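**Q**
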Amino acid sequence: MYGTTEAGAFICMQPLFSEEKTGSCGILLPNVECKIVKLSSNEECEEKEIGEIYLKTATMMQGYLESTTDIDNAFIDDWFRTGDLGYYDFDQFIYITGRIKEMIKVRGWQVIPNEIEEAIQELEDVELCAVVGIPDEYSGQLPKAYIQLHDGCQVDENTIHQLVNSKFASYKQLKGGIQFIDNMPINSAGKISRNELLKMNQTESDII
1 MYGTTEAGAF ICMQPLFSEE KTGSCGILLP NVECKIVKLS SNEECEEKEI
51 GEIYLKTATM MQGYLESTTD IDNAFIDDWF RTGDLGYYDF DQFIYITGRI
101 KEMIKVRGWQ VIPNEIEEAI QELEDVELCA VVGIPDEYSG QLPKAYIQLH
151 DGCQVDENTI HQLVNSKFAS YKQLKGGIQF IDNMPINSAG KISRNELLKM
201 NQTESDII
């Protein structure tokens, strides 16, 4: 299931009596239009190509209270820009992969944290994982992984590096480092707090 405050609480859902696809939010509900747009242009994405999700619905908001700047940024030709990243498959099932504001920029290359996180969480010893962009003088940002293991489990940094290096291009590799933590910070929405992880990194940098 997927929805937004601005365009409607329910945009897509898993259809009844169909095989559920792991990681998918389902298919669009009636009277909901959706397109996925490339980040580098205004062109629409092909199947399984990640881009920003644009929506158009009958219940879409008209604007933000006392704000013209936000509304100008939020709409393009009557399409609402969600700020969410995702893609659709050949059966038109939609998948959410993250938020644009969470993207990491390495020397101009765009890195989607969710891609790396999913690869790391394939390891059965990993309970939670979050990849954030930490400041770097040369590259702008570098990906750094924070990892919480299941109780009693052990994985070394080399194993993580080998896994990521085997799957991703050089600019997506964890050159910002890997840190194992006992308790992943969780926000009020039940999601990993990337802001808290960035604060942790800043505190560690200040100590060094």
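Note that full-length UniProt numbering has the sequence shown beginning at 1, numbered continuously upward. For each residue, glycine too, the CB sits at the ideal point set by N, CA and C. Keep in mind that this is a model prediction, so the values were computed, not measured.
Applying the 10 Å Cβ sphere with the 16-neighbour rule, what's the burial state of C153?
**A** Here residue 153 is taken as the residue at index 153 of the sequence shown, counted from 1. Counting Cβ neighbours within 10 Å, C153 comes out exposed, since fewer than 16 surround it.
**Q** Verify whether the separation of the beta carbon atoms of I36 and I53 is less than 7 Å.
**A** As a first step, residue 36 is located in the sequence shown; it is residue number 36 there, counting from the start. As a first step, residue 53 is located in the sequence shown; it is residue number 53 there, counting from the start. Yes, these two residues count as a Cβ contact at 7 Å.
**Q** Let me know if L197 comes out buried or exposed under the rule of 16 or more other beta-carbons within 10 Å of its beta-carbon.
**A** By one-based count along the sequence shown, residue 197 stands at place 197. Result: buried.
**Q** What residues in its chain sit with their C-beta under 8 Å from that of S24, if we drop five residues either side in the sequence?
**A** Residue numbering aside, residue 24 sits at position 24 when the sequence shown is read from its first letter. The residues are Q14, D89, F93, I94 and Y95.
**Q** How do the stretch 120-134 and the stretch 168-185 stand: do at least 3 beta-carbon pairs fall below 8 Å, yes or no?
**A** Because the criterion of three Cβ pairs below 8 Å is met, the stretch 120-134 and the stretch 168-185 touch.
**Q** What's the C-alpha gap between I134 and N187?
**A** Taking the sequence shown and counting its residues from 1, one reaches residue 134 at position 134. Taking the sequence shown and counting its residues from 1, one reaches residue 187 at position 187. Approximately 20 Å, taken between the alpha carbons.
**Q** Using the Cα positions of T57 and T159, report the straight-line distance between them to the nearest angstrom.
**A** Taking the sequence shown and counting its residues from 1, the one referred to as residue 57 is at position 57. Taking the sequence shown and counting its residues from 1, the one referred to as residue 159 is at position 159. Approximately 46 Å between the Cα atoms of the pair.
**Q** Since P143 is in the beta strand (DSSP E), which residue starts that stretch and which ends it?
**A** The residue labelled residue 143 in the question sits at position 143 within the sequence shown. Unbroken beta strand (DSSP E) run through P143: G140 to L149.
**Q** Could you give the first and the last residue of the continuous alpha helix (DSSP H) run that contains A119?
**A** Numbered from 1 along the sequence shown, position 119 holds the residue referred to as residue 119. Per DSSP, A119 belongs to the alpha helix (DSSP H) from P113 to I120.
**Q** Would you list the one or two residues that DSSP bridges to Q179?
**A** Against the sequence shown, residue 179 aligns to sequence position 179. The partner list for Q179 (beta bridge, DSSP) reads Y146.
**Q** Helix or strand or just coil, what does DSSP make of M184?
**A** Here residue 184 refers to the residue found at position 184 when the sequence shown is read from its first residue. Three-state result, M184: coil.
**Q** Would you kindly work out how many angstroms separate the C-alpha atoms of E127 and D77, rounded to a whole number?
**A** One-based indexing of the sequence shown puts residue 127 at position 127. One-based indexing of the sequence shown puts residue 77 at position 77. In this structure, the straight-line span from the alpha carbon of E127 to that of D77 is close to 42 Å.
**Q** Rounded to a whole number of angstroms, what is the C-alpha to C-alpha distance between N201 and R107?
**A** Position 201 of the sequence shown holds residue 201. Position 107 of the sequence shown holds residue 107. Between N201 and R107, the C-alpha separation is close to 20 Å.
**Q** Whose CA, out of G86, E20, T59 and E19, lies closest to the CA of K38?
**A** As a position in the sequence shown, residue 38 is number 38, starting the count at 1. Taking only the C-alpha atoms, the option nearest K38 is G86.
**Q** Looking at the structure shown, is K56 part of a helix, part of a strand, or coil, going by DSSP?
**A** Translated into the one-based positions of the sequence shown, residue 56 becomes position 56. Strand, per DSSP.
**Q** Tell me which residues share the same chain as M103 and place their Cβ nearer than 7 Å to its Cβ, disregarding the 5 neighbours each side in the sequence.
**A** Here residue 103 corresponds to residue number 103 of the sequence shown, with the count starting at 1. Q110, V111 and I112, listed in sequence order.
**Q** Answer with buried or exposed for T22, where buried requires no fewer than 16 other C-beta atoms within 10 angstroms of its C-beta.
**A** Walking along the sequence shown from the start, residue 22 turns up at place 22. By the 10 Å Cβ count, T22 comes out exposed.
**Q** Am I right that I178 and A145 are in contact with their C-beta atoms under 8 Å? What's the rounded C-beta distance?
**A** Numbered from 1 along the sequence shown, position 178 holds the residue referred to as residue 178. Numbered from 1 along the sequence shown, position 145 holds the residue referred to as residue 145. Indeed they touch by this definition, with Cβ atoms about 5 Å apart.
**Q** In angstroms with no decimal places, state the Cα-to-Cα distance between N73 and D151.
**A** To locate residue 73, count along the sequence shown from 1; it is residue 73. To locate residue 151, count along the sequence shown from 1; it is residue 151. Approximately 45 Å between the Cα atoms of the pair.
**Q** Return the CA-CA distance between F180 and S193, expressed in angstroms with no decimal places.
**A** Position 180 of the sequence shown, counting from 1, holds the residue named residue 180. Position 193 of the sequence shown, counting from 1, holds the residue named residue 193. Straight-line Cα distance between these residues: approximately 16 Å.
**Q** Tell me which same chain residues have a C-beta within less than 6 Å of the C-beta of N165, skipping the five on either side of it?
**A** Locating residue 165 in the sequence shown gives position 165, counting from the first residue. Closer than 6 Å at Cβ, skipping near neighbours: Q173.
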